[in-house]
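Asker: Numbering (the numbering used here), first residue to last: 314 to 753.
1) So, for residue 364: in the same chain, excluding its five sequence neighbours on each side, which residues have a beta-carbon less than 6 angstroms away from its beta-carbon?
2) Hey, residue 455 and residue 447: beta-carbon distance below 8 angstroms or not?
3) If you draw a straight line from the C-alpha of residue 406 to the C-alpha of residue 486, how long is it?
4) Would you report the Cα separation of residue 428 and residue 471, rounded to the nearest angstrom?
5) Would you call the stretch 433-450 in contact with the stretch 389-404, where contact means no fewer than 3 C-beta pairs closer than 8 angstroms?
6) Quick one: give me the first and last residue of the alpha helix (DSSP H) that residue 721 is part of.
7) Just to confirm my understanding: we take residue 656, look at its own chain, exclude 5 residues before and 5 after, and list those with CB closer than 8 angstroms. What are they?
8) Using CA coordinates, which residue listed in 379, 565, 588, 505 is at the minimum distance from residue 477?
9) Name the DSSP beta bridge partners of residue 619, please?
10) What's the call for residue 387, buried or exposed, on a 16-neighbour Cβ count within 10 Å?
11) In whole angstroms, what is the alpha-carbon distance linking residue 375 and residue 665?
12) In angstroms, rounded to a whole number, what distance separates the CA positions of residue 635 and residue 718?
13) Round the Cβ separation of residue 544 and residue 507 to the nearest angstrom and send it over; I've been treating them as touching at under 8 angstroms.
14) Among 491, 529, 541, which one has its Cα closest to the Cα of residue 521?
15) Identify whether residue 738 lies in helix, strand or coil by the three-state DSSP scheme.
16) Tell me where the alpha helix (DSSP H) around residue 440 begins and ends.
17) For the putative contact between residue 828 and residue 382, defined by C-beta atoms under 8 angstroms, what is the C-beta separation to the nearest angstrom?
18) Taking its Cβ as the centre, do 16 or more other Cβ atoms sit within 10 Å of residue 357, making it buried, or is it exposed?
19) On the three-state DSSP scale, how would you describe residue 336?
20) To the nearest angstrom, report how far apart residue 694 and residue 451 are at their CA atoms.
21) Considering residue 479, what are the terminal residues of the beta strand (DSSP E) in which it resides?
22) Secondary structure at residue 745, three-state DSSP: helix, strand or coil?
23) Check residue 468 in the structure and name its three-state DSSP category.
24) Tell me, please, whether the stretch 557-566 touches the stretch 513-527 by the rule of three or more beta-carbon pairs shorter than 8 angstroms.
25) When the Cα atoms are used, what is the spatial distance from residue 711 to residue 692?
26) Checking the sheet assignment: what are the DSSP bridge partners for residue 590?
27) Rounded to a whole number of angstroms, what is the C-alpha to C-alpha distance between residue 727 and residue 619?
28) Between the C-alpha atoms of residue 647 and residue 408, what's the straight-line distance to the nearest angstrom?
29) Does the beta-carbon of residue 705 have 16 or more other beta-carbons within 10 angstroms, so that it is buried, or is it exposed?
30) Do residue 663 and residue 688 come within 8 angstroms of each other at the CB atom, strictly closer than that value?
31) For residue 530, which option in 746, 578, 604 has the closest C-alpha, if you only look at C-alpha atoms?
32) Looking at C-alpha atoms only, which residue of 592, 593, 598, 575 is the closest neighbour of residue 585?
33) Excluding the five sequence neighbours on either side, which residues of its own chain have a C-beta within less than 7 angstroms of the C-beta of residue 534, listed in chain order?
34) Is the separation between the beta-carbon of residue 464 and that of residue 481 shorter than 8 angstroms?
35) Kindly indicate which residue of 649, 433, 736 has the alpha-carbon position closest to the one of residue 684.
36) Assuming residue 546 contacts residue 562 (C-beta within less than 8 angstroms), just tell me the rounded distance between them.
Here it is in structure tokens:
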């Protein structure tokens, strides 16, 4: 068991994510938080006690604090608050039935039960420790780290002041968001450094490192932007080619995922099929994935409805508003080609989603804390891929992993919009108001 030393806040992390990211170590070094237990002698300032309008707030204590449509545990879940978040609330509870501290209406809609999952005490240690809010304007909402060597996961020990207890091993390669950092003493009084995860657990900082961020490959479509079809290089071997009297000569190499505008005119040279680009060069068909123009549209492509066309054969997806394409990108990881097309929809939209509970659910299986997560009704998740594939796309049946900047673009575009201070929002009951997803 570890005993956490008492710490003083030294400021929060100034997130600098994306292509200008420095080292994960430096970013983690700048994260500091208060003691895990409440210090009554020198309490921190209350977290978000009043908003600009002077309204009262409540704070979330559970990793997923439910916001319900009506003040009842049987009512539909509208969304979730993350532990440490605060949200504007009504001054008085709507009712106390089935809830020890009362059901409070919160902004912009719904009710939260004050009790084990939420508090009116804005000095609560959980709110102090986990007050780093996601940066929705950045490529990733938090700093992300990856397990570099065999290590251990910890959680707070409720039986001791500032104590942590061992939960078991973390799989090598697991990735997660980091929202705080503490110094701690182990049982031999050796100084240790632990990083705080979004689910309130801890991992030794010396055993984690920076997550390489894959550059985005997505392109905006229509209204002065690119037009379909668009090709994306699928590996390091992709090149541009020049037609020299029927012989294709290799030219410049393409970066993995690099987008190229196509003219739509293919050419067969021997057994190889080449696709013409708008600037007169060619790409080899087997070295690219193509987001093509559709000649038929599904039933969901009406009016200005948002829907996503997922081509599992090409490993690309296109955002549509009715029948107008808006954005296209290739994925880094995703499922194999589906046997038959289907139509589903986004069921939940989350800032982050802890996929595969830590510690490891089965030997060798990595855990992931996925940013910009869109949960489909089928269970498939579209999110930001936290590992940069080295040379080719990877197969993953459970999720479609995109470059973080592309995942954020899609997450922001899809409906519904995430209310301020919420961690997750459920899709509306009206199916026509949901973002549909066509898998083919």
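Just so it is clear, CB atoms sit at the ideal spot from N, CA and C, and this is done for glycine as well.
Answerer: In this structure, then:
1) Along the chain shown, read from residue 1 onward, the residue named residue 364 stands at position 51. Low confidence applies to residue 364: its pLDDT is 46, below 50, so where it sits in the model is not reliable enough to give any reading.
2) Mapped onto the chain shown, residue 455 falls at position 142. Mapped onto the chain shown, residue 447 falls at position 134. Going by C-beta atoms, residue 455 is nearer than 8 angstroms to residue 447.
3) Here residue 406 refers to the residue found at position 93 of the chain shown. Here residue 486 refers to the residue found at position 173 of the chain shown. Between residue 406 and residue 486, the C-alpha separation is close to 45 angstroms.
4) For the purposes of this step, residue 428 is taken as the residue at position 115 of the chain shown. For the purposes of this step, residue 471 is taken as the residue at position 158 of the chain shown. Here the C-alpha atom of residue 428 lies approximately 17 angstroms from the C-alpha atom of residue 471.
5) yes
6) Here residue 721 refers to the residue found at position 408 when the chain shown is read from its first residue. Where residue 721 is concerned, the enclosing alpha helix (DSSP H) stretches over 717-726.
7) The residue you call residue 656 lines up with position 343 of the chain shown. So the qualifying residues of the chain are 611, 612, 613, 749, 750, 751, 752.
8) Against the chain shown, residue 477 aligns to sequence position 164. Selected option, being the one with the closest Cα: 505.
9) The residue given as residue 619 occupies position 306 in the chain shown. 634.
10) Position 74 of the chain shown, counting from 1, holds the residue named residue 387. Residue environment analysis places residue 387 among the exposed positions, since fewer than 16 neighbouring C-beta atoms fall within 10 angstroms of its C-beta.
11) Taking the first residue of the chain shown as 1, we reach residue 375 at position 62. Taking the first residue of the chain shown as 1, we reach residue 665 at position 352. Roughly 15 angstroms separates the two Cα atoms.
12) Within the chain shown, residue 635 is the residue found at index 322, counting from 1. Within the chain shown, residue 718 is the residue found at index 405, counting from 1. One C-alpha to the other measures close to 24 angstroms.
13) Numbered from its first residue, the chain shown carries residue 544 at position 231. Numbered from its first residue, the chain shown carries residue 507 at position 194. Not quite, the Cβ-Cβ distance comes to about 46 angstroms (not below 8 angstroms), so this is no contact.
14) Here residue 521 corresponds to residue number 208 of the chain shown, with the count starting at 1. Closest option to residue 521, Cα to Cα, is 491.
15) What you label residue 738 is simply residue 425 of the chain shown in a count that begins at 1. In the structure shown, residue 738 sits in a strand (DSSP, three-state: E or B).
16) Translated into the one-based positions of the chain shown, residue 440 becomes position 127. Per DSSP, residue 440 belongs to the alpha helix (DSSP H) from 438-442.
17) Because the chain in this structure spans residues 314 to 753, residue 828 falls outside the shown range and cannot be described.
18) As a first step, residue 357 is located in the chain shown; it is residue number 44 there, counting from the start. Because residue 357 carries a pLDDT of 45, less than 50, the predicted location of this residue cannot be relied on, and the following value inherits that uncertainty. Label assigned to residue 357: buried.
19) Mapped onto the chain shown, residue 336 falls at position 23. Note that residue 336 scores a pLDDT of 38, beneath 50, so its modelled location is shaky; the value from the coordinates is reported in the next line. In this structure, residue 336 counts as coil in the three-state DSSP scheme.
20) The residue given as residue 694 occupies position 381 in the chain shown. The residue given as residue 451 occupies position 138 in the chain shown. Between residue 694 and residue 451, the C-alpha separation is close to 21 angstroms.
21) Along the chain shown, read from residue 1 onward, the residue named residue 479 stands at position 166. According to the DSSP assignment, residue 479 belongs to the beta strand (DSSP E) that extends over 476-483.
22) Sequence index remark: in the chain shown, residue 745 carries index 432 (1-based). Note: residue 745 maps to helix in three-state DSSP.
23) Mapped onto the chain shown, residue 468 falls at position 155. Strand.
24) no
25) Position 398 of the chain shown holds residue 711. Position 379 of the chain shown holds residue 692. If you take the alpha carbons of residue 711 and residue 692, they lie about 8 angstroms apart.
26) As a working note, residue 590 is residue 277 in the chain shown. Under DSSP, residue 590 takes part in a beta bridge, and its partners are 575.
27) As a first step, residue 727 is located in the chain shown; it is residue number 414 there, counting from the start. As a first step, residue 619 is located in the chain shown; it is residue number 306 there, counting from the start. About 7 angstroms.
28) Translated into positions along the chain shown, residue 647 becomes position 334. Translated into positions along the chain shown, residue 408 becomes position 95. Looking at the two C-alpha atoms, the distance is approximately 46 angstroms.
29) By 1-based counting over the chain shown, the position of residue 705 is 392. Because residue 705 carries a pLDDT of 48, less than 50, the predicted location of this residue cannot be relied on, and no value is offered for it.
30) Numbered from its first residue, the chain shown carries residue 688 at position 375. Numbered from its first residue, the chain shown carries residue 663 at position 350. Yes, they are a contact pair.
31) Translated into positions along the chain shown, residue 530 becomes position 217. Among 746, 578, 604, the Cα nearest to that of residue 530 belongs to 604.
32) To locate residue 585, count along the chain shown from 1; it is residue 272. Of the candidates 592, 593, 598, 575, the one whose C-alpha sits nearest the C-alpha of residue 585 is 598.
33) Position 221 of the chain shown holds residue 534. So the list reads 540, 541, 638, 639, 640, 641, once near-sequence residues are dropped.
34) Along the chain shown, read from residue 1 onward, the residue named residue 464 stands at position 151. Along the chain shown, read from residue 1 onward, the residue named residue 481 stands at position 168. Contact check for residue 464 against residue 481 fails: the beta carbons are separated by 8 angstroms or more.
35) Counted from its first residue, the chain shown places residue 684 at position 371. Among 649, 433, 736, the Cα nearest to that of residue 684 is on 736.
36) Looking up residue 546 in the chain shown gives position 233. Looking up residue 562 in the chain shown gives position 249. That belief does not hold up - the Cβ atoms of residue 546 and residue 562 are roughly 18 angstroms apart, past 8 angstroms.
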